[in-house]
Structures are given as structure tokens and as C-alpha cells.
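Residue numbers (the working numbering): 168 to 444.
Cβ atoms here follow ideal geometry from the backbone N, Cα and C, with glycine treated the same way.
Since this is a predicted model, take the numbers as computed values, not measurements.
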Amino acid sequence: MNAILQCLSNTQGLRDYCIRREYQLEGSGSGKKRCELMDAFATVIAGLWDPSNVGCINPIQFQQKFQKIVPHFAGYSQQDAQEFLRFLMDWLHIEINRKTRKTPNIMSLSGNRVAADNLDRLRDDEKSMQMWKRYLERDDSKIVDLFVGQLNSTLRCTTCGHKSTTFEVFCDLSLPIPKRLSIAGRVSLSECLSLFTAEEELDSDNAPMCERCNQKKRSTKKLTIQRFPRFLVLRILCGQILCSINLSVSCSFLHLYRSLSPCLISLSHFSVSLSLS
Numbered sequence: 168m169n170a171i172l173q174c175l176s177n178t179q180g181l182r183d184y185c186i187r188r189e190y191q192l193e194g195s196g197s198g199k200k201r202c203e204l205m206d207a208f209a210t211v212i213a214g215l216w217d218p219s220n221v222g223c224i225n226p227i228q229f230q231q232k233f234q235k236i237v238p239h240f241a242g243y244s245q246q247d248a249q250e251f252l253r254f255l256m257d258w259l260h261i262e263i264n265r266k267t268r269k270t271p272n273i274m275s276l277s278g279n280r281v282a283a284d285n286l287d288r289l290r291d292d293e294k295s296m297q298m299w300k301r302y303l304e305r306d307d308s309k310i311v312d313l314f315v316g317q318l319n320s321t322l323r324c325t326t327c328g329h330k331s332t333t334f335e336v337f338c339d340l341s342l343p344i345p346k347r348l349s350i351a352g353r354v355s356l357s358e359c360l361s362l363f364t365a366e367e368e369l370d371s372d373n374a375p376m377c378e379r380c381n382q383k384k385r386s387t388k389k390l391t392i393q394r395f396p397r398f399l400v401l402r403i404l405c406g407q408i409l410c411s412i413n414l415s416v417s418c419s420f421l422h423l424y425r426s427l428s429p430c431l432i433s434l435s436h437f438s439v440s441l442s443l444s
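Here it is in C-alpha cells:
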């Protein structure tokens, strides 16, 4: 918990949002919605950045609120930091969601409704924007502003060449470790990203139904990053590596920018948070 709170405390957009209590001005939810967890979280963040505070900050009230919502984290047993972060962001988003309707309106780029059947007729960039607008009709909060991005998943049938593209949102990316490591156990972040976005072959048993062939066919699948969040959270999956290996993940931000180029559609200004699991 301490590691995640320290990371979030140093995320400027979220830090300022908490210190200024901006969520109270947004009329979150129905306008009468209680934001108990957000209040407790904001109190911790504001306390950490209070120049008059010379002592330590006790997050016990925040911890109690969180454990009440997520009983799985009750007690003092060791927990996964990334799992804590996901639950925390999910529940903060729920409390400060600016949208009150549970069912989103489906609007086109021009402001008219678009039937679901017509989505496939759009170009990928138009379809991406359409799906993003759908998402924002239902989920719109400071958490979304800062941490949510969009993935592009492309399936291609190797028999007929038919291609289908889908889009899904993400708040973090779990990057695999390449099996081939150097003797020193070093691996670059660009290698992890390249493996994450590498084209994957799906045999007929695991492949989805081809819309053109109307049956399961051998296909390929490729992930790219369609839309970057303001702050990109990366999880390095070290669990697949033997514990005896002293693994080091190295990167520079210039090298990171270059390594991301073939993995994405568009890139805005963003920061990166790394988590080793």
C-alpha cells in the first residue's frame, strides 16, 4: 500500500485533483453521492504535500475504508501491489464518475446515432473514436483522464485474408519477459514491448470464427496501442522467470519513446510507472 500511495502521490494530475478536492466541484455521480474512499484518499495525499506538516502521515482511516470495500485486503498479510492499485483505481473511479447513466448513448462522430452493424463499415481510426466515445458516455472520471488508454486488437484469417479489428480500454499493461535473456539477466523495456505487440499465430482450435469463411480458421492476432493514457502503468511479469535470475529492466525515456513507436497508433505526452511482479 505504501509503494502505491507514494507513486500516486507523485502523479501530479491526481495529486492536484486531491489537494484541491476538485471531485467535490464536479458533482460526482448523482451530485449527492458519498465519496468516502475518495475523501480518505485525498486526505492522505493532501497531508503528504502539506508544507506545514513536519510529521508522518497515518493512513489508517484510508486503509479501513478500503478494507471495508474490498475485504480481501483486510488484515496484515502480504498482498500484491498491482492488485491493490487496480482495486483502488476502480473504486475511486466509481465514486467520482461524472456520468450518472448506466446505459450509454451511442453517438457518432457527427452527433447522430450509429447502429452497431455499421461500425464495421468505419475506418479503424473512426471506429476507435466511436468506441472511445461510447466508453466515455458511461465512464468519465479523473481516473479515466489520467490512466485509461485503448488497445487495438487485429485478427487476420490466413486463409481468406479477412481482417477484423476490435478496441478495448486498459488502465495498465502486463508485459511479458522474453525467454531469451542475456547471461547478466538484463532485458530492455523495448524487448518487453516488442514481445507484447508481436503477432501471435492462432491455430484452428484456438482461433475465433472467421466472418468471411464462416468457420474457425488459422489466424494471426496483433495488439497495438491505439490511444495512450496520460500516465502509462506497466507491469513487468517477472513471475515466469526463475527466482535465481537477477533480472534488471533497463530503459531511458528517449529509448522508451523510440521503442513505443512501432507499437502504437498515436502517442500523446505521458509518463510511465513500472511495477515488477
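Taking the runs of the alpha helix (DSSP H) that are 4 residues or longer, which of them lie wholly in the stretch 225 to 249? 227 to 236
With a Cβ-Cβ cutoff of 8 Å, do H260 and I310 count as a contact? Counting from 1 along the sequence shown, the entry for residue 260 is found at position 93. Counting from 1 along the sequence shown, the entry for residue 310 is found at position 143. The answer is yes: Cβ separation under 8 Å.
Spatial distance of T364 from N220 (CA atoms): Along the sequence shown, one-based indexing puts residue 364 at 197. Along the sequence shown, one-based indexing puts residue 220 at 53. T364 and N220: Cα-Cα distance of roughly 46 Å.
Bridge partners - G448, DSSP secondary structure assignment: Nothing can be reported for residue 448, as the shown portion of the chain is limited to 168 through 444.
On the CB-based measure, 16 or more other CB atoms within 10 Å of its CB, does I333 come out buried or exposed? In the sequence shown, the residue the question calls residue 333 occupies position 166. At residue 333 the sequence reads Thr, which differs from the Ile that was named. Exposed.
Nearest-angstrom Cα distance between C185 and W216? Looking up residue 185 in the sequence shown gives position 18. Looking up residue 216 in the sequence shown gives position 49. If I take the Cα positions, the gap works out to 10 Å.
If you drop the 5 nearest sequence neighbours on each side, which residues of the same chain put their C-beta closer than 7 Å to that of A209? As a first step, residue 209 must be located in the sequence shown, where it is residue number 42. Within the same chain, A209 has close Cβ partners C185 and R188.
Kindly indicate which three-state DSSP category T178 falls into: helix, strand or coil? Mapped onto the sequence shown, residue 178 falls at position 11. Here T178 sits in coil by DSSP.
Could you work out which residue in V354, E358, P343 and M168 is closest to T246 when comparing CA atoms only? Sequence index remark: in the sequence shown, residue 246 carries index 79 (1-based). According to the sequence provided, residue 246 is Gln. The question's Thr does not apply to it. Nearest option by C-alpha distance: M168.
With 8 Å set as the bound, which would you pick, yes or no: does the beta-carbon of M376 sit closer than that to a beta-carbon of chain B? The structure shown contains no chain B; it is built from a single protein chain.
With DSSP collapsed to three states, give me the class of E367. Counted from its first residue, the sequence shown places residue 367 at position 200. E367 falls in the strand class under three-state DSSP.
Who does C324 pair with in a DSSP beta bridge? Taking the sequence shown and counting its residues from 1, one reaches residue 324 at position 157. Residue pairing of C324 in beta bridges, as defined by DSSP: S386.
Outcome for Y243 when other beta-carbon atoms lying within 10 angstroms are tallied against a minimum of 16: Position 76 of the sequence shown, counted from the first residue, corresponds to residue 243. The residue is exposed, with fewer than 16 neighbouring Cβ atoms inside 10 Å.
If you check the beta carbons only, do R402 and L303 fall under 8 Å apart? Within the sequence shown, residue 402 is the residue found at index 235, counting from 1. Within the sequence shown, residue 303 is the residue found at index 136, counting from 1. Not in contact: R402 and L303 (Cβ atoms no closer than 8 Å).
May I ask which residues mark the beginning and end of the alpha helix (DSSP H) holding I344? To locate residue 344, count along the sequence shown from 1; it is residue 177. Segment: none, I344 is in no alpha helix (DSSP H) and carries neither H nor E.
Is the distance from the Cβ of I212 to the Cβ of R182 below 8 Å? By 1-based counting over the sequence shown, the position of residue 212 is 45. By 1-based counting over the sequence shown, the position of residue 182 is 15. Taking 8 Å as the cut-off, the beta carbon of I212 is found closer than this to the beta carbon of R182.
Tell me which residues share the same chain as N177 and place their Cβ nearer than 6 Å to its Cβ, disregarding the 5 neighbours each side in the sequence. As a working note, residue 177 is residue 10 in the sequence shown. For N177, where only same-chain residues beyond five positions count, there are no Cβ hits under 6 Å.
Name the DSSP bridge partner or partners of M376? Walking along the sequence shown from the start, residue 376 turns up at place 209. M376 is bridged to K383.
Cβ-Cβ distance between S295 and Q173 below 8 Å: For the purposes of this step, residue 295 is taken as the residue at position 128 of the sequence shown. For the purposes of this step, residue 173 is taken as the residue at position 6 of the sequence shown. Not a contact, by the Cβ cut-off of 8 Å.
Would you check if there are 3 or more beta carbon pairs closer than 8 Å linking the stretch 319 to 327 to the stretch 378 to 386? yes
Please name the residue in N319, Q191, D291 and A374 whose C-alpha comes closest to that of I263. Within the sequence shown, residue 263 is the residue found at index 96, counting from 1. Checking every option, the nearest Cα to that of I263 belongs to Q191.
Rounded C-beta distance between L362 and P345? I'm assuming under 8 Å. Here residue 362 corresponds to residue number 195 of the sequence shown, with the count starting at 1. Here residue 345 corresponds to residue number 178 of the sequence shown, with the count starting at 1. Taking the Cβ atoms as the reference, L362 lies roughly 5 Å from P345, within the contact range of under 8 Å.
Along the chain, where does the beta strand (DSSP E) containing S355 start, and where does it finish? Position 188 of the sequence shown, counted from the start, is the residue given in the question as residue 355. Looking at the DSSP string, the run of the beta strand (DSSP E) that includes S355 is R353 to S355.
Report the option in P226, C202 and E335 whose CA atom is closest to the CA atom of T391. Numbered from 1 along the sequence shown, position 224 holds the residue referred to as residue 391. Answer by Cα proximity: E335.
Hey, A241 and Q249: beta-carbon distance below 8 Å or not? For the purposes of this step, residue 241 is taken as residue 74 along the sequence shown, with counting starting at 1. For the purposes of this step, residue 249 is taken as residue 82 along the sequence shown, with counting starting at 1. Not a contact, by the Cβ cut-off of 8 Å.
Three-state secondary structure assigned by DSSP to S308: For the purposes of this step, residue 308 is identified with residue 141 of the sequence shown, where counting begins at 1. Residue state, collapsed to three classes: coil.
Collapsed DSSP secondary structure at R394 in the structure displayed: Taking the first residue of the sequence shown as position 1, residue 394 is located at position 227. In this structure, R394 counts as strand in the three-state DSSP scheme.
List the whole-angstrom C-beta distance separating R397 from D292, where the pair is believed to meet the contact cut-off of C-beta under 8 Å. One-based indexing of the sequence shown puts residue 397 at position 230. One-based indexing of the sequence shown puts residue 292 at position 125. Actually they do not touch by this definition, with Cβ atoms about 20 Å apart.
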